[in-house]
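Protein chains in written order, with the UniProt record's numbering: chain U, 1 to 551; chain D, 1 to 105.
Don't be surprised by glycine CBs; every beta carbon is placed ideally from N, CA and C.
Computed from a prediction, not measured in an experiment: that's the story for all the values here.
First comes the structure, then the notes that go with it.
Now the structure itself:
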């Protein structure tokens, strides 16, 4: 956990007071909606289909039990008793009243939570690996650098009115769980030949109506130079990024139009002006941030405790353990992913009761810490293996032990037309139907790792371009139509999926996905060949032929 | 279901209303003939041509304190005069999400 200092606490509290005054002036008519819109967006407040939507930041996906309880309180006191975890380590509340928002923000500020950098054309919440600090083989905890960037960019005047929103993600592991290649800037912690910590810097990734996979702009930037290098990129973007056309305003378009070489030269030139400035970070700054992260006092525990050995006889427990429990860097501990994808449920939703209970379980079993992943699941990062059976039983009672992590029903979906004012088609009901179709755990296991991503419009909040199977809802002649892609992925080998054929209607989507899966099961060379590998080996055509032959 | 945020030209093909979200709490409201806002679709003012629609929208937008995000939406008017949403988006706004979860209150 990271402990805010006095500066952070003052800043967050001042922001609450400022927004309270802005809301008061808006409600009295002193501010018009045009004047107010930019102010509310700077505090995470959108206007959606049914009401205002309030998006709260969970920087680098780390929450304490106290903070999660406060989010439950917000859901219960100000909303309809639940929250929705998003693909960018935020949580959204869908029914909040503008008049009550200042009180909600004040309640959050008491536990160091805010909504800055969750919307607007600024530097957004810096995201990271939800296993940061506990993943085996990690270079070092990427949250330290995420926090450095958070501190530098929060309310930074130069980054507050960018041509468009700007997203950074950081990973420190070989396996990318932060989807850095689909971010405006992706940072991968690496060591150079001298053993010094630095970053491979990628730029220009993004989805939406013009998707691009980020390109490496520099293979190694020393850690002490990362602020100046990121700032150089932002300056080039701020100078040349298009402000005349919202659809061409993201940095990915600039990188594409200039070409990575020219863009890189521009950044390099800018960097030379500022790299030896006050932006150069001395070790003391990093050590200060590091010291404000608290790490658990792990016990020395056996690799295979008796409790775990005994529980292995329970097939339900084993099904959950195999899907939800992952190796930890410390012997005797595990990382536990908590699926927010129950059969028939909206992906990423958690009720206030679940959040409260999970906060208690985190205190009991995970040193009071919870993580939020971009896959719209939660994680307990420090669970002693001996506690896994007891934790499983407790999670099962809460409806939080669905054994489907990384399987076909672990679906990422945007809110879609049920909530979002931008959407053209529904996403959540499609996900719900698919979780029912593939609810049989043996079938899901037989299929193996398969990520489905669903977006309800071309803005791609459900990351459909990088789903192993991507589903994009569009509108055609007043009807919802869904385009299916296959072959996308969001990890270190990120790729964009390819269309397999014409769009299909709402009530045909689940049938088509079943056909795609049947085709895969018939086409794979062996059970271990994952869906994504079969698509890579064979291409789209064999799937297209089988799925559309009878349509 | 094209998002009304992309509504560029006002051209209506049938009976329409103006809808928005009430400023203080964000709930869905409809512009009434009495130049006010109502949460009840049956109280919405109906317009039937583009000039009427433009006028109703202009009047609605001017009431910036009462409601925000005003736009024109299609409706169906039954023989008995009952007003129903003209597309799925407006149906969802009127009756709630279609996901059958805790969101339905």
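CB contact flag (residue i, residue j, <7 Å)
| i | j | result |
| --- | --- | --- |
| residue 416 of chain U | residue 408 of chain U | no |
| residue 368 of chain U | residue 65 of chain U | yes |
| residue 78 of chain U | residue 96 of chain U | yes |
| residue 447 of chain U | residue 379 of chain U | no |
| residue 3 of chain U | residue 292 of chain U | yes |
| residue 58 of chain D | residue 72 of chain D | no |
| residue 165 of chain U | residue 124 of chain U | yes |
| residue 339 of chain U | residue 435 of chain U | no |
| residue 472 of chain U | residue 498 of chain U | no |
| residue 385 of chain U | residue 502 of chain U | no |
| residue 172 of chain U | residue 189 of chain U | yes |
| residue 468 of chain U | residue 412 of chain U | no |
| residue 241 of chain U | residue 249 of chain U | yes |
| residue 308 of chain U | residue 388 of chain U | yes |
| residue 50 of chain D | residue 18 of chain D | no |
| residue 433 of chain U | residue 311 of chain U | no |
Interface flag, residue i vs chain U, CB-CB below 7 Å
| i | result |
| --- | --- |
| residue 75 of chain D | no |
| residue 51 of chain D | no |
| residue 94 of chain D | no |
| residue 18 of chain D | no |
| residue 40 of chain D | no |
| residue 65 of chain D | yes |
Alpha-carbon spacing of residue i relative to residue j, whole angstroms
| i | j | result |
| --- | --- | --- |
| residue 183 of chain U | residue 203 of chain U | 7 Å |
| residue 34 of chain D | residue 115 of chain U | 38 Å |
| residue 524 of chain U | residue 140 of chain U | 37 Å |
| residue 356 of chain U | residue 8 of chain U | 26 Å |
| residue 134 of chain U | residue 328 of chain U | 6 Å |
| residue 451 of chain U | residue 15 of chain D | 43 Å |
| residue 80 of chain D | residue 42 of chain D | 12 Å |
| residue 49 of chain U | residue 480 of chain U | 17 Å |
| residue 270 of chain U | residue 217 of chain U | 14 Å |
| residue 109 of chain U | residue 75 of chain U | 15 Å |
| residue 236 of chain U | residue 267 of chain U | 6 Å |
| residue 91 of chain D | residue 84 of chain D | 8 Å |
| residue 88 of chain U | residue 348 of chain U | 12 Å |
| residue 103 of chain U | residue 397 of chain U | 33 Å |
| residue 120 of chain U | residue 163 of chain U | 10 Å |
| residue 342 of chain U | residue 399 of chain U | 7 Å |
| residue 209 of chain U | residue 239 of chain U | 23 Å |
| residue 466 of chain U | residue 489 of chain U | 4 Å |
| residue 42 of chain U | residue 16 of chain U | 12 Å |
Chain D contact for residue i (CB, 7 Å cutoff)
| i | result |
| --- | --- |
| residue 33 of chain U | yes |
| residue 358 of chain U | no |
| residue 215 of chain U | no |
| residue 46 of chain U | no |
| residue 29 of chain U | yes |
| residue 232 of chain U | no |
| residue 413 of chain U | no |
| residue 418 of chain U | yes |
| residue 51 of chain U | yes |
| residue 381 of chain U | no |
Amino acids of chain U, ordered along the chain, whose beta-carbon sits closer than 8 Å to that of residue i
| i | result |
| --- | --- |
| residue 187 of chain D | Nothing can be reported for residue 187 of chain D, as the shown portion of chain D is limited to 1 through 105. |
| residue 56 of chain D | Residues of chain U passing the Cβ test: none, with the nearest at roughly 18 Å. |
For residue j and residue i, believed in contact at Cβ under 8 Å, the rounded distance
| i | j | result |
| --- | --- | --- |
| residue 130 of chain U | residue 330 of chain U | That pair is no contact at about 17 Å. |
| residue 60 of chain U | residue 118 of chain U | Wrong, their Cβ atoms sit about 14 Å apart, outside the cutoff. |
| residue 484 of chain U | residue 500 of chain U | 5 Å |
| residue 492 of chain U | residue 176 of chain U | 4 Å |
| residue 470 of chain U | residue 535 of chain U | Not really, about 11 Å apart at Cβ, beyond 8 Å. |
| residue 28 of chain D | residue 39 of chain D | 7 Å |
| residue 75 of chain D | residue 86 of chain D | 5 Å |
| residue 152 of chain U | residue 98 of chain U | Rounded, the Cβ-Cβ distance is 31 Å, inconsistent with contact. |
| residue 351 of chain U | residue 82 of chain U | 5 Å |
| residue 101 of chain U | residue 358 of chain U | Residue 101 of chain U to residue 358 of chain U, Cβ: 25 Å. No contact. |
Contact set between residue i and chain D, taken where Cβ atoms lie within less than 9 Å
| i | result |
| --- | --- |
| residue 262 of chain U | Ordered by position in chain D, no residue passes the 9 Å Cβ test against residue 262 of chain U, which lies about 33 Å from the chain. |
| residue 204 of chain U | By Cβ distance, chain D contributes nothing, its closest Cβ being about 26 Å from residue 204 of chain U, past 9 Å. |
Chain-ordered neighbours of residue i on chain U, where CB pairs are closer than 7 Å
| i | result |
| --- | --- |
| residue 24 of chain D | 27, 97, 98, 99 |
| residue 69 of chain D | 47 |
| residue 84 of chain D | Here the premise fails: no neighbours, minimum Cβ distance about 15 Å. |
Under 7 Å from the C-beta of residue i: neighbouring residues of chain D
| i | result |
| --- | --- |
| residue 428 of chain U | 99 |
| residue 22 of chain U | What residue 22 of chain U touches in chain D: nothing, since even the nearest Cβ is about 13 Å away. |
| residue 120 of chain U | Near residue 120 of chain U there are no residues of chain D at all, since even the closest Cβ is about 16 Å away, more than 7 Å. |
| residue 259 of chain U | Near residue 259 of chain U there are no residues of chain D at all, since even the closest Cβ is about 31 Å away, more than 7 Å. |
Contact set between residue i and chain U, taken where Cβ atoms lie within less than 9 Å
| i | result |
| --- | --- |
| residue 48 of chain D | The contacting residues do not exist; residue 48 of chain D stays about 19 Å from chain U at best. |
Neighbour list for residue i in chain D, Cβ cutoff strictly below 8 Å
| i | result |
| --- | --- |
| residue 399 of chain U | Within chain D, no residue comes near residue 399 of chain U; the closest Cβ sits about 12 Å away, beyond 8 Å. |
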